[in-house]
Amino acid sequence: MTVTTIEEIHKYPDQTVTLRGWLYNKRESGKLVFLILRDGTGFIQCVAFKKDLPEEVWDAAKSVTQESSLMITGSVRKEERAPYCGYEMGVQNIEIVSKVEGEYPISLKEHGADFLLEHRHLWLRTPSQMAVMRIRAEVMAASRDFFNERGFVNVDAPIITANACEGTTNLFQIDYFEDQAYLSQTGQLYMEAAALALGKVYCLGPAFRAEKSKTRKHLTEFWMIEPEVAFLTFEENLAMQEEYVSYVIQRVLKTRAAELNLLERDTSKLADITAPFPKISYDDAVKLLQEKGSEIQWGDDLGAPDETLLGEHFQKPVFVHRFPSAIKAFYMKPDPDRPEVALGADLIAPDGYGELIGGGQRIDDYDLLVQRIQEHDLPMEAFGWYLDLRKYGSVPHGGFGLGIERFVAWISGVEHVRETSPFPRTIYRIQP
RNA sequence: UCCAAGGUAGCUCAAUGGUGGAGCGUCCGCCUGUUAAGCGGAGGGAUGUGGGUUCGAAUCCCACCCUUGGAGCCA
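Remember, my numbering sits 21 above the position in the first sequence when you count from 1.
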């Protein structure tokens, strides 16, 4: 017997095949049972008529319960009336692999966020979550492809680190034999080292932030892609970012149209997301926000409502560049023409998804970097190797970091980043 | 950490201080084209925890616990 998948079912019209999967839903009408099977590649309706079946097969069709695992053998036919994939299976045999006894926790009706997160291991089986996971996988693959095709080398950063890259308060501390170590907040410093070895590099891996944030934009564990390039100018850096973001979006639009449709994402908005993106200086952004009623003053960081206002105003991702150095990370390179601002930029996503990218030029001067480490009260001894990079063949360089979950949330149109992580970690939730 | 909302059946939610209900799910029955099917029936409850006010508390008050959203911080 030919075993196939729902995705491939169109190749077997009027043939008898076997599908293996789980019972998504069942509808009965007397001597007729509709079994909705899912197998990870799709959903298909299987129809069992009592008069066509041996008694034990009919009994199996009647008694099989939601999310029981089963193998169904039957004839494939094109069927206009069938939901999901346009094909339907006429049941000939059913083999129940494992029957669910009692209630399956997740019904097809609405549930609250807390309940769904408690059952994340089962929530993943629903169509919307399957769609988001497929989009996430495509974003990951497209991200690697974009940089691989452009001569970047994938160099992964360590997750266990000794030094606090961006301050100590937001770090998860762990025991490391006799010592203490931290879970990495960013791979950037290591990417700088790798860029001076290999020219163009990127890492794609998890980052950990012990921030007590409870918003739809925050997770304590999230994935980040961090390219870093030697001899890169600030303008080239921004161009790389907008080309990368556009590439991923256009590719997901092409390859994951069905999933975006299932999620009811308005793809016409995404289709317009092509490079170049609007760019506004921090100075002008502050003026614009003040005109729109924000209380922001020059020197303040952008608040979440400010980011939303900018997103509404531009309706595209927008770069805000040349922030005051005082509110940015210690390694940010000052603008040679205006030392009080940094050659950095944040890319703000539309629709309130917040800061998608933080990036910019890194300080390449040894003495200035030492000065900044002192000003930020960071332990100089931990940055010995990082300072070496400025001692042995320093070059202008830069890069950026993009949060994968925020990117996927924006592309998918889901409200909360927790839906874009397979098993999200938030401040009060590490199960399942 | 702060601000706000909330906690009632497995789930989603009702219930003027006066005998705790509905829809869905589960179980039983009916139905040969259902589309989160429909119809009939059954089962299902320390109303988050502890105190207080009251003849009487899911409802009012206090404390604590938990959840959700937001702020700050960040991707």
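C-beta atoms are modelled at their ideal positions from N, C-alpha and C, and glycine is treated no differently.
Identify the continuous beta strand (DSSP E) that holds Glu247 and give its terminal residues.
Here residue 247 refers to the residue found at position 226 when the first sequence is read from its first residue. From DSSP, the beta strand (DSSP E) with Glu247 extends over 242-251.
Helix, strand or coil, according to DSSP, for Tyr197 in the structure here?
Looking up residue 197 in the first sequence gives position 176. Reduced to three states, the DSSP call for Tyr197 is strand.
Does DSSP put Phe351 in a helix, in a strand, or in coil?
For the purposes of this step, residue 351 is identified with residue 330 of the first sequence, where counting begins at 1. Reduced to three states, the DSSP call for Phe351 is coil.
Which same chain residues end up closer than 8 Å to Thr236 when comparing Cβ atoms and leaving out the 5 residues on each side of it in sequence?
Numbered from 1 along the first sequence, position 215 holds the residue referred to as residue 236. The residues are Ala325.
Go ahead and pull the three-state DSSP assignment for Gln113.
Against the first sequence, residue 113 aligns to sequence position 92. Strand at Gln113.
Mark Tyr374 as exposed unless 16 or more other C-beta atoms lie within 10 angstroms of its C-beta, in which case mark it buried.
Working through the first sequence from its first residue, we reach residue 374 at position 353. It counts as buried.
State the DSSP-derived secondary structure class of Gln36, mapped to helix, strand or coil.
In the first sequence, counting from the first residue as 1, residue 36 sits at position 15. DSSP, read as helix, strand or coil, puts Gln36 in coil.
Report the start-end ranges of each alpha helix (DSSP H) in the stretch 285-323 that is 4 residues or longer and not cut off at the edges.
Correct list: 288-292, 303-312.
Note down the Cα distance separating Met22 from Tyr105, rounded to an integer number of angstroms.
In the first sequence, the residue the question calls residue 22 occupies position 1. In the first sequence, the residue the question calls residue 105 occupies position 84. Rounded to whole angstroms, Met22 to Tyr105 spans 24 Å at the Cα level.
Span of the beta strand (DSSP E) holding Asp367?
Mapped onto the first sequence, residue 367 falls at position 346. Looking at the DSSP string, the run of the beta strand (DSSP E) that includes Asp367 is 365-370.
Apart from the five residues on each side of it in sequence, which residues of its chain come closer than 7 Å, Cβ to Cβ, to Arg41?
Stepping through the first sequence from its first residue, residue 41 is reached at position 20. Val24, Asp60, Met92, listed in sequence order.
Measuring CA to CA, which of Phe55, Lys32, Phe168 is closest to Glu264?
Taking the first residue of the first sequence as 1, we reach residue 264 at position 243. Of all alpha-carbon atoms in Phe55, Lys32, Phe168, the one lying nearest the alpha-carbon of Glu264 is that of Phe168.
Nearest-angstrom Cα distance between His397 and Arg359?
The residue labelled residue 397 in the question sits at position 376 within the first sequence. The residue labelled residue 359 in the question sits at position 338 within the first sequence. Rounded to the nearest whole angstrom, the CA to CA distance from His397 to Arg359 is 21 Å.
Among Val435, Phe55, His418, which one has its Cα closest to the Cα of Glu257?
Within the first sequence, residue 257 is the residue found at index 236, counting from 1. Of Val435, Phe55, His418, the residue nearest in Cα terms is His418.
Using 10 angstroms around the beta-carbon of Leu129, count the other beta-carbons present and answer buried if the total reaches 16, otherwise exposed.
Here residue 129 refers to the residue found at position 108 when the first sequence is read from its first residue. Label assigned to Leu129: exposed.
Give the single residue among Leu284, Val85, Val222 whose Cα lies nearest to the Cα of Tyr45.
In the first sequence, residue 45 corresponds to position 24, counting from 1. The candidate whose alpha carbon is nearest that of Tyr45 is Val85.
Start-to-end residues for the beta strand (DSSP E) that takes in Lys221:
Residue 221 sits at position 200 when you count from the first residue of the first sequence. First-last of the beta strand (DSSP E) with Lys221: 221-229.
Terminal residues of the beta strand (DSSP E) in which Gly375 lies:
Locating residue 375 in the first sequence gives position 354, counting from the first residue. Element bounds for Gly375: 375-382.
Identify whether Tyr407 lies in helix, strand or coil by the three-state DSSP scheme.
If you number the first sequence from 1, residue 407 lands on position 386. Tyr407: helix per DSSP, three-state reduction.
Counterpart residues of Pro345 in DSSP-defined beta bridges:
Working through the first sequence from its first residue, we reach residue 345 at position 324. Answer is Val362, bridged to Pro345.
How big is the Cα-Cα spacing for Ile301 and Ala370?
Taking the first sequence and counting its residues from 1, one reaches residue 301 at position 280. Taking the first sequence and counting its residues from 1, one reaches residue 370 at position 349. Going by the C-alpha atoms only, they are around 14 Å apart.
Closest by CA to Gly172, which one among Glu131, Tyr223, Ala214, Pro126?
Residue mapping note: residue 172 aligns to position 151 of the first sequence, counting from 1. Residue Tyr223 is the option with its Cα nearest to Gly172.
Please classify Gly424 as buried or exposed, where buried requires at least 16 neighbouring CB atoms within 10 angstroms.
Locating residue 424 in the first sequence gives position 403, counting from the first residue. Counting C-beta atoms within 10 angstroms of its own C-beta, Gly424 has 16 or more neighbours from the protein chains shown and is therefore classed as buried.
Short Cβ contact (8 Å threshold) for Val438 with Lys238:
As a first step, residue 438 must be located in the first sequence, where it is residue number 417. As a first step, residue 238 must be located in the first sequence, where it is residue number 217. Cβ distance < 8 Å, so Val438 and Lys238 count as in contact.
Within the continuous alpha helix (DSSP H) that includes Arg59, where are the two ends?
Looking up residue 59 in the first sequence gives position 38. Taken as a continuous stretch (DSSP letters only), Arg59 belongs to no alpha helix (DSSP H), being part of the beta strand (DSSP E) at 53-59.
Close beta carbons around Leu143, own chain, < 7 Å, minus the five adjacent residues each side:
Residue mapping note: residue 143 aligns to position 122 of the first sequence, counting from 1. Excluding five sequence positions before and after Leu143, the CB atoms of its chain that fall closer than 7 Å to its own CB belong to Pro126, Ile127, given in chain order.
In angstroms with no decimal places, state the Cα-to-Cα distance between Phe255 and Arg102.
As a position in the first sequence, residue 255 is number 234, starting the count at 1. As a position in the first sequence, residue 102 is number 81, starting the count at 1. So the two alpha carbons sit approximately 57 Å from each other.
Residues bridged to Trp43 by DSSP?
Here residue 43 is taken as the residue at index 22 of the first sequence, counted from 1. Trp43 is bridged by DSSP to Arg59, Ser90.
From what residue to what residue does the alpha helix (DSSP H) around Ala81 run?
Indexing the first sequence from 1 puts residue 81 at position 60. Taken as a continuous stretch (DSSP letters only), the alpha helix (DSSP H) holding Ala81 covers 76-84.
Identify, in the order they occur along the chain, each residue of the same chain with its Cβ nearer than 8 Å to the Cβ of Met154, setting aside the five sequence neighbours on each side.
Along the first sequence, read from residue 1 onward, the residue named residue 154 stands at position 133. Cβ neighbours of Met154 beyond the five flanking positions: Leu145, Pro443.
Residue range of the beta strand (DSSP E) that Gln336 falls in?
Locating residue 336 in the first sequence gives position 315, counting from the first residue. No beta strand (DSSP E) contains Gln336, which DSSP labels as neither H nor E.
For the alpha helix (DSSP H) containing Ile270, name the first residue and the last one.
Indexing the first sequence from 1 puts residue 270 at position 249. Following the DSSP letters along the chain, one finds Ile270 inside the alpha helix (DSSP H) bounded by residues 255-276.
Going straight from the alpha carbon of Ile57 to that of Gly422, what length do you get?
Against the first sequence, residue 57 aligns to sequence position 36. Against the first sequence, residue 422 aligns to sequence position 401. Straight-line spacing of the CA atoms in Ile57 and Gly422 works out to 42 Å.
For Asp99, the residue or residues it bridges with in DSSP
As a working note, residue 99 is residue 78 in the first sequence. Going by the sequence as given, residue 99 is Lys instead of Asp. Lys99 has Tyr108 as its beta-bridge partners, per DSSP.
Would you mind stating whether Phe298 and Val339 have Cβ atoms separated by less than 8 Å?
Here residue 298 refers to the residue found at position 277 of the first sequence. Here residue 339 refers to the residue found at position 318 of the first sequence. It is a contact, given that the beta carbons lie within the stated cut-off.
Straight-line gap, Lys354 to Ser346 (C-alpha atoms, nearest Å):
Position 333 of the first sequence, counting from 1, holds the residue named residue 354. Position 325 of the first sequence, counting from 1, holds the residue named residue 346. Here the alpha carbon of Lys354 sits roughly 8 Å from the alpha carbon of Ser346.
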